[in-house]
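2 protein chains.
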Amino acid sequence: MKRPTIKDIAAAAGVSKGAVSLALNGRSGVSESTRSRVLGVASSLGYRPSVTARALSSASADAVGLVLVRPPRALGDEAFFFQLIAGMQSEMSCALLLQVVSSREEEIELYQRWWAEHRVDGVFLVDLLVSDPRVELMPSLGMPAVVVGGAGHHGELASVWADDYAAMTSVVEHLKALGHRRIARVAGLASLLHTVRRDSAFASSVVDGVVVAGDYTAESGARATRELLGMAEPPTAIVYDNDVMAVAGAEVAADLGVSVPSELSIVAWDDSVLCQHGRLTALSRDTFAFGARAARALVAVIGGASPTDVEDVLPELVVRGSSGPAPVG
Amino acid sequence: MKRPTIKDIAAAAGVSKGAVSLALNGRSGVSESTRSRVLGVASSLGYRPSVTARALSSASADAVGLVLVRPPRALGDEAFFFQLIAGMQSEMSCALLLQVVSSREEEIELYQRWWAEHRVDGVFLVDLLVSDPRVELMPSLGMPAVVVGGAGHHGELASVWADDYAAMTSVVEHLKALGHRRIARVAGLASLLHTVRRDSAFASSVVDGVVVAGDYTAESGARATRELLGMAEPPTAIVYDNDVMAVAGAEVAADLGVSVPSELSIVAWDDSVLCQHGRLTALSRDTFAFGARAARALVAVIGGASPTDVEDVLPELVVRGSSGPAPVG
DNA sequence: GACCCTAGCTAAACCGGTTTATCTCCGGCT
DNA sequence: AGCCGGAGATAAACCGGTTTAGCTAGGGTC
Numbered sequence: 001m002k003r004p005t006i007k008d009i010a011a012a013a014g015v016s017k018g019a020v021s022l023a024l025n026g027r028s029g030v031s032e033s034t035r036s037r038v039l040g041v042a043s044s045l046g047y048r049p050s051v052t053a054r055a056l057s058s059a060s061a062d063a064v065g066l067v068l069v070r071p072p073r074a075l076g077d078e079a080f081f082f083q084l085i086a087g088m089q090s091e092m093s094c095a096l097l098l099q100v101v102s103s104r105e106e107e108i109e110l111y112q113r114w115w116a117e118h119r120v121d122g123v124f125l126v127d128l129l130v131s132d133p134r135v136e137l138m139p140s141l142g143m144p145a146v147v148v149g150g151a152g153h154h155g156e157l158a159s160v161w162a163d164d165y166a167a168m169t170s171v172v173e174h175l176k177a178l179g180h181r182r183i184a185r186v187a188g189l190a191s192l193l194h195t196v197r198r199d200s201a202f203a204s205s206v207v208d209g210v211v212v213a214g215d216y217t218a219e220s221g222a223r224a225t226r227e228l229l230g231m232a233e234p235p236t237a238i239v240y241d242n243d244v245m246a247v248a249g250a251e252v253a254a255d256l257g258v259s260v261p262s263e264l265s266i267v268a269w270d271d272s273v274l275c276q277h278g279r280l281t282a283l284s285r286d287t288f289a290f291g292a293r294a295a296r297a298l299v300a301v302i303g304g305a306s307p308t309d310v311e312d313v314l315p316e317l318v319v320r321g322s323s324g325p326a327p328v329g
Numbered sequence: 001m002k003r004p005t006i007k008d009i010a011a012a013a014g015v016s017k018g019a020v021s022l023a024l025n026g027r028s029g030v031s032e033s034t035r036s037r038v039l040g041v042a043s044s045l046g047y048r049p050s051v052t053a054r055a056l057s058s059a060s061a062d063a064v065g066l067v068l069v070r071p072p073r074a075l076g077d078e079a080f081f082f083q084l085i086a087g088m089q090s091e092m093s094c095a096l097l098l099q100v101v102s103s104r105e106e107e108i109e110l111y112q113r114w115w116a117e118h119r120v121d122g123v124f125l126v127d128l129l130v131s132d133p134r135v136e137l138m139p140s141l142g143m144p145a146v147v148v149g150g151a152g153h154h155g156e157l158a159s160v161w162a163d164d165y166a167a168m169t170s171v172v173e174h175l176k177a178l179g180h181r182r183i184a185r186v187a188g189l190a191s192l193l194h195t196v197r198r199d200s201a202f203a204s205s206v207v208d209g210v211v212v213a214g215d216y217t218a219e220s221g222a223r224a225t226r227e228l229l230g231m232a233e234p235p236t237a238i239v240y241d242n243d244v245m246a247v248a249g250a251e252v253a254a255d256l257g258v259s260v261p262s263e264l265s266i267v268a269w270d271d272s273v274l275c276q277h278g279r280l281t282a283l284s285r286d287t288f289a290f291g292a293r294a295a296r297a298l299v300a301v302i303g304g305a306s307p308t309d310v311e312d313v314l315p316e317l318v319v320r321g322s323s324g325p326a327p328v329g
């Protein structure tokens, strides 16, 4: 009734446990004839090695980890992460250990625990902070890790990243070409590295650009938009740091009777069903493919490859109905 | 440098491994003084038990599993699952082992493997089929499991469910009260149990109701809508099985010059940011809370509680701009 | 023929816990 | 005094693998 263990196979094949282990793992020390006999018995018994037991003797755990620091409620609306996870899965044969925690301290604690307990072979690091302790932690633990969506190189870690600086510049250029001069930005969390990157790109290509902080929720997007449109000289274009805030912003504009795009142009970062349906001009990147790329990188690092930085393709601006020429005057 | 093991604690406290194990797990067999000494040593050494090793001697694996059968690409748009996962996480202290596979066979194989390998303590079963082999499999494996979103009771398994039948009836009543007589439905996958439930509820409350099959993608929603609106006597109201198809349907209606809601009423199953923004009348349920409830149920079953069926609150119809009185004549 | 080397295998230790059998000591009862 | 019982602890087996040390038989070399 129970699943067969290595001992059952050894008994059935008339050899020792050790020989079975060597045979199954394709290592030298057994003859070809013994090996094939063992393999035959194993498959006929429907043998499946126990990852748990294997992990105990410091081998693979057959899983990789991902920790998300979020208030759980807010997570559900962020299609980005689910897309990312789906992409990761497409390139991994192993399982993904996923946990949502509410603080950075818990996150770090969790990584250490997982590693100490041999629960994972490696981890993805997302939402990189400006000065992120994880960048030092991973090499010190000797834990394979890949930074996902950071901005370039990070210490000794492998990294899969997109050029937020260049992307922001391209968005601003698009708006400038349409005649916009008063361009504003609704930013994401200031603690995140990519926010800082986008901030600096924005600051260096827009003179006197107004930046309002947001937190990726619809409420913050609406609030920021109301604030911007209530200014003495309101912007003629707003760039949002994610899709949810942009859609909320578009709604506020509609409520205030500000017509889009003739009076106000709106651009969203990260394309999604939401933008497609709201006909919002959006900076589109293939998040699924991004996740797949990250998974490939992590698998490589776990396999012993030396860490490399992979730059993702530059996000592409998909122009829809929400951006147009700046109003005259 | 390595993390301390139970052996280190035993040495430091001057007792045996076994005594440490008993002390740490709060079991009888050691004196209070020894127990407190062991606990002191353990915490001062920063001891963390290895789940891997513990799982090996048939104890808890400290993780639960969820397998999704989907083409990975399509998954990213389904906010439902991510909401659900976020909700589950909110009620679990353990990790979630998540894997996406492409066939039902792989799914079953994976459940068996996880259980045989002590990787999980229990699993969630989603997307229940009309005649689902998993319902028999779980009790035969002795694997704790909770059916999420099935329709009522399932064999010996615990279940957290919503009454799709009553919900569908309430939607139809809403439409009938508005004067609609030609009501159509764009269904989800026919192999899923809840689709069948909704089908039968729909059939018994709508005479001559047309049902078109969809697969939850925007494309299928658009196609179905075009088909329905092209009929000799097109419906005056359409009920969609998810938000993505409903939004796509609304767009098709707009393209065809069919005005919503004066000529066509639209109702979506499962509310989301998408519906909120598209001002679609939607059947709203708190997916996050649903996931949390499922997690509580699974934790209870793992803890040895006898399986029970928990009925979720009836989804509530949130009336927005997309449903209105039937056109006269 | 003595010696060494190696392929092929076994037995046993090990990973880090849990669990069971056993052993000792002490107090209470008759 | 002798017996029993239970508390408190230990040693050892066990979970299912991997890995290492050691044994044996056969072949090559001088």
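Protein chains in written order, with my numbering: chain A, 1 to 329; chain B, 1 to 329.
A virtual CB, placed ideally from N, CA and C, is assigned to each residue, including glycine.
Just so it is clear, the structure is predicted and the values come from calculations on it, not from any experiment.
Only buried fits Glu78 of chain B, as 16 or more other CB atoms lie within 10 angstroms of its CB. Contact annotation: the segment 237–256 of chain B does not touch the segment 239–253 of chain A, with fewer than three C-beta pairs closer than 8 Å. Contact note: Ser60 of chain B does not reach chain A at a C-beta cutoff of 9 Å; the least C-beta distance is about 12 Å.
Any Cβ of chain B closer than 8 Å to the Cβ of Glu107 of chain A would place that residue at the interface, and such an atom is absent. Counted as a single uninterrupted DSSP element, the beta strand (DSSP E) harbouring Leu97 of chain B occupies residues 95–101. Contact between Ile183 of chain B and Pro235 of chain B is confirmed by a C-beta separation of about 6 Å, below the 8 Å threshold. In the DSSP secondary-structure assignment, Val211 of chain B is bridged to B:Arg185. Contact with chain A is absent for Pro307 of chain B, since none of that chain's Cβ atoms lies less than 8 Å from the residue's Cβ. Fully enclosed alpha helix (DSSP H) runs of no fewer than 4 residues occupy 218–229, 243–255, 273–278 of the segment 213–288 of chain A, in order along the chain.
Residues of the same chain with a CB within less than 8 Å of the CB of Tyr216 of chain A, apart from the 5 flanking positions on each side, are Ala74, Glu78, Gly188, Leu189, Asp241, Asn242, Val244, Met245 in chain order.
DSSP places Glu78 of chain B in the coil class of the three-state scheme, outside both helix and strand. Distance from the CA atom of Leu110 of chain A to the CA atom of Ala203 of chain A, rounded to whole angstroms, is 37 Å. For Arg3 of chain B, the chain A residues whose C-beta falls within less than 8 Å of its own C-beta are Ala116, listed in chain order. The C-beta of Met231 of chain A has fewer than 16 other C-beta atoms within 10 Å across all chains shown, which makes the residue exposed.
Not flagged as an interface residue toward chain B: Val252 of chain A, since no C-beta distance is shorter than 8 Å. The beta-carbon of Thr52 of chain B is placed less than 8 Å from the nearest beta-carbon of chain A. Taking Ser323 of chain A as reference, the option from A:Ala292, A:Ser306, A:Val260, A:Ala162 with the minimal CA-CA separation is A:Val260. With respect to the 8 Å criterion, Leu96 of chain A and Ile108 of chain A are not classified as neighbours on the basis of their beta carbons. In the DSSP assignment, Gly65 of chain A forms a beta bridge with A:Leu97, A:Val123. For Ser159 of chain A, the secondary structure class from DSSP, reduced to helix, strand or coil, is strand. For Phe288 of chain B, the closest of B:Ser220, B:Asn25, B:Phe82 by C-alpha to C-alpha distance is B:Phe82. The residues Met88, Glu91, Met92, in chain order, have a CB closer than 6 Å to that of Ala295 of chain A in the same chain once the five nearest residues on each side in sequence are set aside. Contact between the segment 258–273 of chain A and the segment 206–224 of chain A is absent: fewer than three C-beta pairs spanning the two stretches fall below 8 Å. Restricting attention to alpha helix (DSSP H) runs no shorter than 4 residues, the segment 1–55 of chain B encloses them at 6–13, 17–24, 32–45, ordered along the chain. With its beta carbon at least 8 Å from every one in chain B, Ala213 of chain A lies outside the interface. Relative to Arg134 of chain B, the option among B:Arg113, B:Ala42, B:Ala116, B:Arg104 whose CA is nearest is B:Arg104. Contact annotation for Pro72 of chain B against chain A: Ala86, Gly87, Gln89, Ser90, Phe288 [CB-CB distance below 8 Å, chain order]. Secondary-structure assignment with DSSP links Leu129 of chain A through a beta bridge to A:Leu192. Chain B places no beta carbon closer than 8 Å to that of Asp127 of chain A, leaving this residue out of the contacts. Judged by DSSP in its simplified three-state form, Ala300 of chain A adopts helix. Between Leu317 of chain A and His153 of chain A, the C-beta spacing is not below 8 Å.
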